[in-house]
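Number of protein chains: 2
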Amino acid sequence: MKKRGIPTLEDVALSSNVSTATVSRYLNNPEKVAKSTRSQIQKAIQKLGYTPNLGGRMLASNKVRMVGAIIPTMANAMFSNGIQAFQEELSRNDITLLISSSGYDPKQELQQMQSLLASGAGGLLLIGNERPKKTLKFLNQRNLPYVVTWAYKDGVEGFYAGFNNRQAAFDLAKIVIEYGHTKIAMIAGISENNDRAGGRIEGVKDAIAEHSDSVRLVDLIETKYRMETGGNAFDALMSRVDKPSVIMCGNDVLAAGVIMRARQRGIRVPEDVSVTGFDDLNIASALTPSLTTVRVPHFAMGRAAAKLLLKLIRKDDTAKSIEFSTEIILRDSLRRIG
Amino acid sequence: MKKRGIPTLEDVALSSNVSTATVSRYLNNPEKVAKSTRSQIQKAIQKLGYTPNLGGRMLASNKVRMVGAIIPTMANAMFSNGIQAFQEELSRNDITLLISSSGYDPKQELQQMQSLLASGAGGLLLIGNERPKKTLKFLNQRNLPYVVTWAYKDGVEGFYAGFNNRQAAFDLAKIVIEYGHTKIAMIAGISENNDRAGGRIEGVKDAIAEHSDSVRLVDLIETKYRMETGGNAFDALMSRVDKPSVIMCGNDVLAAGVIMRARQRGIRVPEDVSVTGFDDLNIASALTPSLTTVRVPHFAMGRAAAKLLLKLIRKDDTAKSIEFSTEIILRDSLRRIG
DNA sequence: CTGAAAGCGCTTACAG
DNA sequence: CTGAAAGCGCTTACAG
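As structure tokens, this is what we get:
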């Protein structure tokens, strides 16, 4: 027992009159050790209070014991449920989750990536598909298994457990148009470096383009996903001469901000203006009026992402991207007009 | 570059014409390396995409590089902001966060604890103060630094960065009583193994006890922190002959469920019944009516917890528990009566 | 079923 | 300011 008094594998070997190789075998593949030897070792471990040293293990073997996730933010509930499911699935496989946040900043994301790798991550969960060449090069160079979630792209290399933001927003916008709305405004997330926000904008534009004779995009404001900024954008929109009949929001947090601000201003939703969200967070059903939004299968997605990542780590050939479908949830904040 | 193609410190040394010792120094104490050497090494690291190997580092030195957090759940926004702040502060100190969730189950908490330690955690963030002897013994035996948050206890061993749930609930209940409410019902979280939920219940009871001649606790329902269970509890309360004039909820999620269900039932808040929450999540201000609640300084608390834990890890003598005060946020869901 | 030995990638006195 | 070398605790072919 060296300096720090912490018993090592060697101490166990000495104390049980076998080699370190045998103790190691006992620890990792007990069935490869004779029964009588097993109990000797077991006793020695008990007596010494031995616990394997992670550093030694990591260095000597190459097993993945941890994976990392980098999410834009833990504030708000946007990613909570997905990450919860991701972590639970990892835990079931005896893998620990390292987590960090990037604040929607690609530079920070790269930095966090490096730091997670340095912390032993043997795989990564990333949000969205848009990142600088430098980051991609790093990932590639390290040959690190990773899964992209919250987004989905067809026919592209890489592995996804996500959904098509553009399609989902398109579907919702089609319904909005079908409901008779011709003057659409959008309050979106900031699309730079954020393909989810960007995709949602594109989806709305696509739908409008299909009805370019009658429907138009009155205004588009990009802003941070916060209730307050959503409220501010709402004020800006409603002070236009050319007011929208519906405000499509890039997520539920923005929509909550809009609905709250509308109440403060005495503007009625949906009588004076309709509102839609995206995500179907808890908040969506709790708002007054309840929010028409897009339901994203956060939980299933997080879990699937973990399973996929695990397969990649194990070099399982059956690893395959999964696209989740989203669902339009019609509630009271969107009304038929015209 | 050995087999797996992952560059090692040696590769960097080779590529920059210095010894591994110097590269290591550059990594750990750049100021001990000549400027010109630094930039050589920097270039090589860039070129190779080198990231230090954790196993090697852990084995060679004894520095703490990761700490773990075990939170009851990541679903909902309850802990999100606190954990976000915690992680950011750790990141500033080059420490990675290992995270896991216990589902409010003490057995799982212990298991997660062991697994986080086996994953290299050199310190722990724990929520609340109530845990089985077995868990405490384990913590003690490992002599592991840990900080308790979301709770605070005076004159007890251990380190806290939290607040007094009982006092906070007491303060809110006093105001409720001052507003003229005499028939109080409470929908609380499940208090078994949850001192935060328990403390909030006690606080309300304390306040009622001070007015036992005029005020009483009509009913107390303990349930999971979910909107739906909150709604169900609301139904149960409003089907009583002896209806409460106010429903104090153990947190904002429950309160949101109550307000939503009330609307569905055609029961007006606060005209027919007042409602209060706890936490001041985003949702609180977005509800209609907006929710009277207790504001918890999640962000400051998470950050302080990280700083405290870091001090404990560094064996800094100035490490000291911090108690945060909470604030009553008066909004529309609570009205004066009588 | 077991052991001797090489090696995993890093840090750190120790010398210079 | 820099390098040679020992050593951290484990796993794993390879022999036997």
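Heads up: the sequence lines are chains A and B, in that order.
The opening position of the first sequence corresponds to residue 1 in our numbering, with each subsequent residue numbered one higher.
The opening position of the second sequence corresponds to residue 1001 in our numbering, with each subsequent residue numbered one higher.
For glycine and all other residues, C-beta sits at the position ideal for the given N, C-alpha and C.
request  = Could you check what DSSP says for R4/A in three-state terms: helix, strand or coil?
outcome  = With a pLDDT of 42 at R4/A, under the threshold of 50, the predicted position of this residue should be treated as unreliable, though the coordinate-derived value follows. R4/A falls in the coil class under three-state DSSP.
request  = Please decide whether M227/A counts as near chain B, where near means a Cβ-Cβ distance under 8 Å.
outcome  = yes
message = Using the Cβ count rule (16 or more neighbours within 10 Å means buried), how would you classify P244/A?
response = buried
message = Could you check whether the segment 1150 to 1165 of chain B touches the segment 1178 to 1189 of chain B, counting it as contact only if at least three pairs of C-beta atoms, one from each stretch, sit closer than 8 Å?
response = no
message = Quick check: is the beta carbon of T73/A nearer than 8 Å to any beta carbon in chain B?
response = It does: the Cβ of T73/A has a partner Cβ on chain B nearer than 8 Å.
key: Rounded C-alpha distance that separates Y152/A from G199/A   = Near 10 Å, if we compare the C-alpha coordinates of G199/A and Y152/A.
ask   = Can you tell me where the beta strand (DSSP E) with L1220/B in it begins and where it stops?
value = 1216 to 1222
request  = Would you kindly check if the distance between the Cβ of R1295/B and the Cβ of T1326/B is under 8 Å?
outcome  = yes
key: Sequence-distant residues of its chain with Cβ nearer than 6 Å to D1206/B (five each side left out)   = Result list for D1206/B: F1170, in chain order.
query = Are the beta-carbon atoms of A1256/B and A286/A separated by less than 8 Å?
reply = In contact: A1256/B and A286/A (Cβ atoms closer than 8 Å).
Local Cβ density within 10 Å of S102/A, reported as buried at 16 or more and exposed below that = buried
message = Give me the DSSP bridge partner(s) of S1290/B.
response = According to DSSP, which records beta bridges pairwise, S1290/B is partnered with nothing at all.
query = Does DSSP classify E342/A as helix, strand or coil?
reply = Because chain A in this structure spans residues 1 to 338, residue 342/A falls outside the shown range and cannot be described.
task = Could you have a look at M1186/B and say whether DSSP puts it in helix, strand or coil?
result = strand
ask   = At least one CB of chain A closer than 8 Å to the CB of N1081/B: is that the case?
value = True, the Cβ-Cβ gap to chain A drops below 8 Å.
task = May I have the straight-line CA-CA distance separating S1191/B from V1253/B, to the nearest angstrom?
result = 16 Å
request  = Leaving out five residues on either side along the sequence, give the residues of the same chain with a beta carbon under 8 Å from the beta carbon of R166/A.
outcome  = G199, R200, E202, G203, D206
request  = In angstroms with no decimal places, state the Cα-to-Cα distance between T1135/B and T1073/B.
outcome  = 19 Å
request  = Kindly indicate which residue of I99/A, E10/A, D105/A, N129/A has the alpha-carbon position closest to the one of S119/A.
outcome  = I99/A
key: Same chain, Cβ closer than 8 Å to S1115/B, neighbours up to 5 away in sequence not counted   = S1100
task = Decide if L330/A is buried, meaning its Cβ has at least 16 other Cβ atoms within 10 Å, or exposed.
result = Residue environment for L330/A: exposed (fewer than 16 other C-beta atoms within 10 angstroms of its C-beta).
key: Neighbour list for F138/A in chain B, Cβ cutoff strictly below 8 Å   = G1049
ask   = Do L110/A and F79/A have their C-beta atoms within less than 8 Å of each other?
value = no
request  = Note the first and the last residue of the continuous beta strand (DSSP E) segment covering I1071/B.
outcome  = 1066 to 1071
request  = Under 8 Å between beta-carbons, which chain A residues line up against R1196/B? List them in chain order, please.
outcome  = By Cβ distance, chain A contributes nothing, its closest Cβ being about 18 Å from R1196/B, past 8 Å.
query = Should R268/A be flagged as near chain B, meaning a C-beta pair shorter than 8 Å?
reply = no
inquiry  = Please list the terminal residues of the continuous beta strand (DSSP E) segment that includes F86/A.
reply    = No beta strand (DSSP E) contains F86/A, which is instead part of the alpha helix (DSSP H) from 80 to 92.
task = Under 6 Å Cβ to Cβ from K1002/B, same chain only, skipping five residues before and after it: list those, please.
result = Interpretation of K1002/B is limited by its pLDDT of 39, a score under 50 that renders its predicted location unreliable; no figure is taken from the coordinates.
request  = Look at the alpha carbon of P30/A and the alpha carbon of R38/A, and state the distance between them as a whole number of angstroms.
outcome  = Going by the C-alpha atoms only, they are around 7 Å apart.
message = So P270/A and D332/A are supposed to be a Cβ contact under 8 Å. How far apart are they, rounded?
response = That pair is a contact at about 7 Å.
ask   = Can you find a C-beta in chain A that's less than 8 Å from the C-beta of D1011/B?
value = no
request  = Can you tell me which of the three DSSP states T1276/B falls into?
outcome  = strand
ask   = Does the beta carbon of V275/A fall short of 7 Å from some heavy atom of the ligand SAH?
value = Of the ligands one can find in the structure shown there are none, so the ligand SAH has no counterpart to examine.
task = Over the uninterrupted alpha helix (DSSP H) stretch that includes M227/A, give me the two end residues.
result = Judged by DSSP secondary structure, M227/A falls within the alpha helix (DSSP H) whose first and last residues are 227 to 238.
query = Does the count of Cβ pairs from the segment 1257 to 1267 of chain B and the segment 1173 to 1180 of chain B closer than 8 Å reach three?
reply = no
request  = Can you say whether V1147/B is buried or exposed, counting buried as having 16 or more other CB atoms within 10 angstroms of its CB?
outcome  = By the neighbour-count criterion, in which a residue is buried when 16 or more other Cβ atoms sit within 10 angstroms of its Cβ, V1147/B is buried.
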